[in-house]
Amino acid sequence: MNTPLAPQYEPQDIEAALYARWVGLGLFQPESRPHGARYVVMMPPPNVTAQLHMGHGLNNTVQDALIRFERMCGRQALWLPGTDHAGIATQNVVERLLAAEDLTRFDLGRDAFVARVWEYVRETGATILDQLRALGASCDWSRTYFTLDEGLSRAVREAFVRLYDKGLVYRGHYIINWCPRCLTALSNEEAEKHEAPGKLWHLRYPLAGGGHLVVATTRPETMLGDTGVAVHPDDARYASLIGTDVILPITGRRIPIVTDDAVDPAFGTGAVKVTPAHDPTDFEIGRRAGLATIDVMTPDAHMNDEVPERYRGLDRFEARRKVVAEFEELGLLEKVEEHQHAVGRCYRCDTVVEPRLSDQWFVRMAPLAEPALQAYRDGRLRFIPERRGDDYAQWMENIRDWCISRQLWWGHRIPVWYCESDECGHVAASRTDLARCGACGGNVRQDEDVLDTWFSSWLVPFSALGWPDDTPDLAHFYPGNTLVTAPEIIFFWVSRMVMAGCEFMGDIPFSTVYLHGTVRDTQHRKMSKSLGNGIDPLDVIARYGADALRYVILSGMAVGTDLILDPADLETSFAPGRNFANKLWNAGRFILGNLDGPVRPIAGDHPDTVRPHEFTLADRWIIARCDATVREATSAYEKFRFNDAASVIYHFIWSDLADWYIEQIKPRLYGDQPGGDVARAVATRTFDVALRLLHPIMPFITEALWTRLPGRREGDTIMIARWPAADDRAASPDAEREFGLVQQLVTAVRQIRAEYGVQPGASVPVHVAPASSLAERAFDAERGTIMRLAKASTLAVAEAGNEPGGHAVLDDGTAVFVPLGGAIDLERECRRLGDEVDRLDTLLAQQERKLANEQFVSRAPAHVVENERQKLASWREQAGTLRDKRKLLGCG
RNA sequence: GGGCGAAUAGCUCAGCUGGUCCAGAGCGCCUGCCUUACACGCAGGAUGUCGGGGGUUCGAAUCCCUCUUCGCCCACCA
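Following this note's numbering, the numbering of the first sequence begins with 73 at its first residue and continues without gaps.
So this is what it looks like as structure tokens:
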């Protein structure tokens, strides 16, 4: 522990070793803190085959900061990690691998294919979690879940059967969203609507009785499946046609004109072609009007045998062109309009979704939504930022049934068995596999489909803890506390978890949903593989360290805002994090390198404890600043304001501790001034606090430094070091004001030196005329500091003389004068005097306004008003003095 | 078609319930420094009519209205 520290922080050398040490200490398990209140965070499961991207990086950095903060606060912090089997995505990946061998899943058959996917998942499935380790994620790996695990699969069956028994799961024949590439049904949420410019074709449909009627459509190819035309019942234009027929072009089919309230007379021509098999609205209209349904497409969206020969086998978009062309030839194309409309696309492969009539399993959602909505309205469930709660409520209020069956092989096979005997026809949902029909004893076959992956992830808050068994984990850790995820996951996962929690556990699974922003590039585009604008977090970690990555993420994470990073310029984005780590490292190196033995405690009953009278002004100041930082950082963490936490800690470490305090104590440490032991004690103490405050953000470097602080023993770790408590004795407004004046004085002299180009090594005499007893005390107390940091040869209490030199006035009205001898540039001096007078005039004007404000004068405490009056008076005086001086010098 | 968010220094953004953090941070830029923790650094500096317009108020970047420009979410007008 006393090995000398390298002059530069090299994260690569220590992060992996520290992580291994943490795992060895077993602190990621909540049991390590048996006495605290529990605090549970559920990791949004990444796809088992995923590679870590910035979105994961951001999400998990936030979770880790949160869980580390809670753990240090003494809670039994459980962060439950896991992956989901990602039905569609994973099956797609393996099918692509097979395609490379010229095979399809059908060549292998179901069992062999699933075995193949398992093999793939076993090989690659741990990758994403390993990558999270590089980030420093302190998950309880011993409890890692996978949605296709035996336990979670049992939970899926339990949930399905319970809902089935309550009549909340049903099989239905409806229009669903179908992905023609993945060859499966999708839920409404999985069909992403994107606005896109399109066309609206106006087609003439010849009337059986002569003439024609015009319908408008965005999908002309579906006309091949039309079985009717609908108009609004009150639409006078078509009143006489109702009940008559239309001769459908191309097919020659005779179809009726019907009425339906769903038709908007104002849109298009007020007449709608009805394709019950290919549009949800048309399906409803067709059902009400008793129209036939003709499915004209194959599962992969080619035209099937229901259409005329020349259309068979055509892709839907080719068929569209052909239909339009044919209408044009027939003189039946009335017109084509540009039309902006939303097209659904598969959220996994971006293929245009085809509404398709099929038999699917659904969950009846309204009864489940009710308690979930109530929890939000009661305030038991809150969202950060708050406005996201509206999205949640709106979705719940307009909930639609959830299509949960998928025509895939990779997933939880639907636990429903059908009797193969036609007379019996018994259907049973079962927790265990069935071999025989429960009704007739005959052969049964299991439903071929699998369940939506989200049907397993919505159970995770309890299934990952052992449900449906009554495990100790479930009893102890359910419900959890906070869920950290991206806003686009609200409907997929968050809402459904709340519903499942209410339904199966009788309680919401977490009380706070923290929704962070999205990682975008400088053009504000979402980072994605397809756009090639991504940043690889592992690359950043390799080059800048995990701490730097985390610092940059968290310092840019204002509540509810996105994180913009430049993929083309990692240096600009991440150097600040690395630089800060290096700064901290070197501050630590300095403090540790200047300890010459045991460090005295600064509080407590120990006989060697530093007594209050031993503190210098600087000591009291840094202690007060440290205390203020503890308060601000703690409050920021509690409010998920990670950017604020990062900022106050950064400022404390860099500006207060490094720039001022460490500079101040050097003479004491070097023995040039007494009080070295006190300075060591205070520096060590405040540095220790700063490290603890920073640990949730930069876990590695803070651990590396903290374990080297004096008094640490083998096995100590900052991970469970006590979270710093605010201390009323540490606060000192006087010390902050007094040292503030010291800083102002030093800065003023430095400004004058820079302005007049005084040689860096040269000393100058400094005259001050303190305007307050505060200033007097401060300059007296930190005389040495001022002289050293300002490079002053003398520091005298004196009025400004008439000789040439630089002037400045501090906030409290204290006048500063730096005589600069004969070789001074008159023009420059006049300009500086002018600037200073202008500055004072601005202050004076503000101050006068403030004091003229009756509300301020009457409401503020008397001494504050008096203080402000004094400031005004002394600024006036100084402004006058400087004006006189300008005249004396003959400035313009 | 609804609903929401954002417009602040060249860039990325803070600024919580209106007045001692009414102008901030980091990066970039300019000047001078390798001052024995740190050049991934130190000291100093420049830059903003806080999107436009109106209003409320003693006082607004901060509240209200409106306009403009971006972005997001939701929606069965074919």
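Yeah, the Cβ is synthetic: ideal placement off N, Cα and C, and Gly gets one too. Computed from a prediction, not measured in an experiment: that's the story for all the values here.
As assigned by DSSP and simplified to three states, the class of Lys711: Position 639 of the first sequence, counting from 1, holds the residue named residue 711. Coil at Lys711, not helix or strand.
Start and end residues, beta strand (DSSP E) containing Met114: Numbered from 1 along the first sequence, position 42 holds the residue referred to as residue 114. Counting along the chain, the beta strand (DSSP E) containing Met114 begins and ends at Arg110 to Met114.
Element boundaries [beta strand (DSSP E), containing Glu267]: As a position in the first sequence, residue 267 is number 195, starting the count at 1. Here the beta strand (DSSP E) through Glu267 covers Ala263 to Pro278.
Alpha carbon of Thr133 to alpha carbon of Thr594, nearest angstrom: As a position in the first sequence, residue 133 is number 61, starting the count at 1. As a position in the first sequence, residue 594 is number 522, starting the count at 1. Taking the straight line from one Cα to the other gives about 21 Å.
Secondary structure of Gly747, DSSP reduced to three states: As a position in the first sequence, residue 747 is number 675, starting the count at 1. Coil at Gly747, not helix or strand.
Secondary structure, alpha helix (DSSP H): runs of 4+ residues fully inside the region 274 to 310: Taking only runs of at least 4 residues, no alpha helix (DSSP H) segment lies wholly in the region 274 to 310.
Entirely enclosed alpha helix (DSSP H) segments - the region 390 to 460, minimum 4 residues: Note on the region 390 to 460: whole alpha helix (DSSP H) runs with a minimum of 4 residues are 438 to 450, in chain order.
Thr504, buried or exposed, once every other Cβ within 10 Å from all chains shown has been counted against 16: Here residue 504 refers to the residue found at position 432 when the first sequence is read from its first residue. Exposed, since its Cβ has fewer than 16 Cβ neighbours within 10 Å.
Residue interval of the beta strand (DSSP E) (run including Arg517): For the purposes of this step, residue 517 is identified with residue 445 of the first sequence, where counting begins at 1. Looking at the DSSP string, the run of the beta strand (DSSP E) that includes Arg517 is Val516 to Gln518.
Host beta strand (DSSP E) of Lys345 (start-end): The residue given as residue 345 occupies position 273 in the first sequence. Looking at the DSSP string, the run of the beta strand (DSSP E) that includes Lys345 is Ala343 to Val346.
Straight-line Cα distance separating Gln518 from Gly483: Here residue 483 refers to the residue found at position 411 of the first sequence. Here residue 518 refers to the residue found at position 446 of the first sequence. So the two alpha carbons sit approximately 14 Å from each other.
For Leu587, the first and last residue of its enclosing beta strand (DSSP E): Here residue 587 refers to the residue found at position 515 of the first sequence. Looking at the DSSP string, the run of the beta strand (DSSP E) that includes Leu587 is Thr584 to Leu587.
Inter-residue CB distance, Val395 and Glu293 (contact presumed, cutoff 8 Å): Translated into positions along the first sequence, residue 395 becomes position 323. Translated into positions along the first sequence, residue 293 becomes position 221. With a Cβ gap of about 5 Å, Val395 and Glu293 count as contacting.
CA nearest to the CA of Arg904, picked from Ala280, Gly829 and Ala755: Position 832 of the first sequence, counting from 1, holds the residue named residue 904. Of the listed residues, the one whose Cα sits closest to Arg904 is Gly829.
Residue closest to Leu531, alpha-carbon to alpha-carbon, out of Pro581, Ala558 and Ala511: Indexing the first sequence from 1 puts residue 531 at position 459. Comparing Cα-Cα distances from Leu531 to each of Pro581, Ala558 and Ala511, the minimum goes to Pro581.
Contacting residues, own chain, Cβ-Cβ under 7 Å from Val346 (five flanking each side not counted): In the first sequence, residue 346 corresponds to position 274, counting from 1. Taken in chain order, the residues that qualify are Asp298, Thr299, Gly300, Val301, Ala302, Asp354, Ile357, Gly358 and Leu363.
Which listed residue (Glu442, Arg229 and Arg794) has its alpha carbon closest to that of Asp541: Here residue 541 corresponds to residue number 469 of the first sequence, with the count starting at 1. It is Arg229.
Opening and closing residue of the alpha helix (DSSP H) in which Gly1040 lies: The chain is shown from 73 up to 964; residue 1040 falls before or after that span and cannot be answered.
Contacting residues, own chain, Cβ-Cβ under 8 Å from Ala798 (five flanking each side not counted): In the first sequence, counting from the first residue as 1, residue 798 sits at position 726. Around Ala798: Asp699, Val702, Arg703 and Thr706.
Any 3 or more C-beta pairs closer than 8 Å across the region 431 to 442 and the region 468 to 478: yes
Length of the line joining the Cα atoms of Asp463 and Phe712: Position 391 of the first sequence, counted from the first residue, corresponds to residue 463. Position 640 of the first sequence, counted from the first residue, corresponds to residue 712. Taking the straight line joining both Cα atoms gives about 20 Å.
Boundaries (first-last residue) of the alpha helix (DSSP H) holding Pro648: Along the first sequence, one-based indexing puts residue 648 at 576. Element bounds for Pro648: Leu642 to Gly665.
Rounded separation between Ile773 and Trp526 - CA only: Your numbering for residue 773 matches position 701 in the first sequence. Your numbering for residue 526 matches position 454 in the first sequence. Those two C-alpha atoms are separated by around 38 Å.
Ile625, buried or exposed, once every other Cβ within 10 Å from all chains shown has been counted against 16: What you label residue 625 is simply residue 553 of the first sequence in a count that begins at 1. Its Cβ being crowded by 16 or more others within 10 Å, Ile625 is buried.
Member of Asp731, Asp641, Arg650 and Arg752 whose CA lies at the smallest distance from the CA of Phe687: Your numbering for residue 687 matches position 615 in the first sequence. When only C-alpha atoms are compared, the closest one is Arg752.
Limits of the unbroken beta strand (DSSP E) element including Val330: Here residue 330 refers to the residue found at position 258 when the first sequence is read from its first residue. Arg326 to Thr331 is the extent of the beta strand (DSSP E) around Val330.
Exposure label - Asp351; buried when at least 16 CB within 10 Å: Here the question's residue 351 lines up with position 279 in the first sequence. It is buried - the Cβ of Asp351 has at least 16 other Cβ atoms within 10 Å.
Nearest-angstrom Cβ-Cβ length linking Tyr986 and Met791, presumed shorter than 8 Å: No answer is possible for residue 986: the residues shown for the chain start at 73 and end at 964.
Given Arg393 as reference, the closest of Leu817, Arg291, Ala172 and Thr557 once Cα atoms are compared: By 1-based counting over the first sequence, the position of residue 393 is 321. The shortest Cα separation from Arg393 among Leu817, Arg291, Ala172 and Thr557 belongs to Arg291.
Cβ-Cβ separation, Ala696 to Leu729 (assumed contact under 8 Å), whole Å: Your numbering for residue 729 matches position 657 in the first sequence. Your numbering for residue 696 matches position 624 in the first sequence. In fact, because the Cβ distance is near 13 Å, the residues do not count as touching under 8 Å.
Cα-Cα separation, Ile139 to Pro102: On the first sequence, position 67 is the one that residue 139 refers to. On the first sequence, position 30 is the one that residue 102 refers to. For Ile139 and Pro102, the distance between alpha carbons rounds to 10 Å.
Residue range of the unbroken alpha helix (DSSP H) whose run includes Thr196: Your numbering for residue 196 matches position 124 in the first sequence. Arg182 to Thr196 is the extent of the alpha helix (DSSP H) around Thr196.
Pick from Gly578, Ser627, Arg309 and Ala391 that is closest to Pro443, judged by C-alpha positions: By one-based count along the first sequence, residue 443 stands at place 371. Residue Gly578 is the option with its Cα nearest to Pro443.
Meets three-Cβ-pair contact criterion under 8 Å: the region 141 to 150 and the region 92 to 111: yes
Three-pair Cβ contact test at 8 Å for the region 241 to 248 versus the region 558 to 570: Between the region 241 to 248 and the region 558 to 570 there are fewer than three C-beta pairs closer than 8 Å, too few to call the two in contact.
Beta-carbon proximity check, Glu87 vs Ala718, cutoff 8 Å: Here residue 87 corresponds to residue number 15 of the first sequence, with the count starting at 1. Here residue 718 corresponds to residue number 646 of the first sequence, with the count starting at 1. Contact flag unset, no.
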